[in-house]
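Enquirer: Pasting a structure below so you can have a look.
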Amino acid sequence: MTPQITRLIYRYQGASVPPPYHRSFALTVDAERIHLIITSYDETLADVEQEPAADIMLQLTQWIQDYHLVAMPRQAIRPALSADTGAGIHSLMLYAGQQKIMDASTAKHTDSTTAILTGDVESFARQLTQCVEHYETYMHTP
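Under my numbering, think of the first position of the sequence shown as 1, with each following residue one higher.
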């Protein structure tokens, strides 16, 4: 039986582009709040909190299943990795209480304790960010 998720931390590190166009963010979700921080390199562009839907943790669990998000050990897939393309990097940490039950990233070069995040990560991210009021406004670039 999979432990019940009590907190999710999703991070997106945008591709290396000039500052006006660069966006990275950290989104923390638990049963009591959704907290979004958007940055452009070292500048914080938005730091907002809102109340989540009452069933947000159940929704997150379902989306993780729907989008087949899995943490694969790095050594299991290292030979198949392609060269970096400069695309953004997604990372996901899941907690059950104080216990970290997933720590995974799409980054190709990271420490060996962080697993490779596989599945339809982009679709999961789109679904997740729809939970944040005015997300598109916060992420707008000139």
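Each residue gets a CB set at the ideal place from its N, CA and C atoms; glycine is no exception.
#1: DSSP three-state label for A46, please.
#2: So who's on the other strand from I116, going by DSSP bridges?
#3: Using the Cα positions of P52 and E32, report the straight-line distance between them to the nearest angstrom.
#4: Could you pull out every residue in the same chain whose Cβ sits closer than 6 Å to the Cβ of Y138, ignoring the five residues on either side in sequence?
#5: State the CB to CB distance for the pair A71 and A104, rounded to an integer number of angstroms; the pair is presumed to be in contact (CB under 8 Å).
#6: Taking just the CA atoms, how far does M102 sit from P18?
#7: Looking at the structure shown, is S123 part of a helix, part of a strand, or coil, going by DSSP?
Expert: Looking at the coordinates:
#1: strand
#2: M72, S105
#3: 7 Å
#4: I38, A46
#5: 4 Å
#6: 32 Å
#7: helix
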